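Numbering (my numbering), first residue to last: 795 to 1027.
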């Protein structure tokens, strides 16, 4: 299956597009459309993060993608079964993304409850604390977005996400604030901006893998160009 990227100006409505073209004698071509991210890059560049392994270590977020494109998974709650599910799925692709496109992966949490278990058992990678919830606000369009547990009961998409999750037997707990909606970014290396963003629309709404992969390829290609030009090490 061939994947083709298109880069469009931001539409009035944010709707992921997957176009299919029928070809005679061949499988249909799948075109993944990567929409222009809504978040202004300066809104996330200098967010202060804390290393969850060494809590005294604080640093600006941009240092994480200074030399490599970076996937940033913004977690609602480390004990959330949906968050753990997405973390495990992405973690299974970590080596592929880094080996093929140079993309690193980090997770951001807004409270430290359950961080160690989340990091070691599900994410299997670095986790950083964003105490001020600045990443949560950025992916929310300037302020945190709150999901309603009551309203979620009436959304078929949430029930579908729950059925998918239950088949995987992922454990969860109820510690911490889990109503804030998260999302995902892919950052270009250096200060080249945001390659991709996904807002969690409802509980358990994960970034589509074909979009993540297309954005990773795009970010990796730009990094190679920047390295050849001596703009990053």
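For every residue, glycine included, the Cβ atom is placed at its ideal position computed from N, Cα and C. Bear in mind the structure is a predicted one, so any value in this text is a computation, not a measurement.
Since residue 895 contacts residue 1008 with CB under 8 Å, what's their CB separation in whole angstroms?
Sequence index remark: in the chain shown, residue 895 carries index 101 (1-based). Sequence index remark: in the chain shown, residue 1008 carries index 214 (1-based). Actually they do not touch by this definition, with Cβ atoms about 11 Å apart.
At which residues does the alpha helix (DSSP H) containing residue 882 begin and terminate?
The sequence position of residue 882 within the chain shown is 88, counting from 1. Where residue 882 is concerned, the enclosing alpha helix (DSSP H) stretches over 875-885.
Any non-hydrogen atom of the ligand ADP closer than 7 Å to residue 1003 Cβ:
With respect to the ligand ADP, the structure shown offers nothing to examine, as it has no ligands at all.
Exposure label - residue 886; buried when at least 16 CB within 10 Å:
In the chain shown, residue 886 corresponds to position 92, counting from 1. Exposed, because fewer than 16 other Cβ atoms sit within 10 Å of the Cβ of residue 886.
Could you give the DSSP three-state label for residue 938: helix, strand or coil?
Stepping through the chain shown from its first residue, residue 938 is reached at position 144. Residue 938 falls in the coil class under three-state DSSP.
Taking the alpha-carbon positions, what's the residue 1025 to residue 893 distance?
Against the chain shown, residue 1025 aligns to sequence position 231. Against the chain shown, residue 893 aligns to sequence position 99. Taking the straight line from one Cα to the other gives about 21 Å.
For the alpha helix (DSSP H) holding residue 1017, just list the boundary residues, first then last.
The count along the chain shown starts at 1 and reaches residue 1017 at position 223. Per DSSP, residue 1017 belongs to the alpha helix (DSSP H) from 1003-1022.
To the nearest angstrom, how far is it from the Cα of residue 867 to the Cα of residue 1002?
Counted from its first residue, the chain shown places residue 867 at position 73. Counted from its first residue, the chain shown places residue 1002 at position 208. Taking the straight line from one Cα to the other gives about 13 Å.
Just mark residue 960 as buried or exposed, buried being the case when its beta carbon has 16 or more other beta carbons within 10 Å.
By one-based count along the chain shown, residue 960 stands at place 166. Under this definition residue 960 is an exposed residue.
Just grab the DSSP bridge partners of residue 977 for me.
Within the chain shown, the letter at position 183 stands for residue 977. 868, 993, per the DSSP bridge assignment.
Which residues in the same chain as residue 938 place their Cβ atom closer than 7 Å to its Cβ, once the five residues preceding and following it in sequence are excluded?
Taking the chain shown and counting its residues from 1, one reaches residue 938 at position 144. Its chain contains 927, 930, 931, 974 as the residues whose beta carbon lies nearer than 7 Å to that of residue 938, once the 5 sequence neighbours on both sides are disregarded; these appear in chain order.
Local Cβ density within 10 Å of residue 962, reported as buried at 16 or more and exposed below that
Counting from 1 along the chain shown, the entry for residue 962 is found at position 168. With fewer than 16 neighbouring CB atoms inside 10 Å of its own CB, residue 962 falls in the exposed class.
Does residue 997 pass the burial test, meaning 16 or more other C-beta atoms within 10 Å, or should it be called exposed?
Residue numbering aside, residue 997 sits at position 203 when the chain shown is read from its first letter. With 16 or more Cβ atoms within 10 Å of its Cβ, residue 997 is classed as buried.
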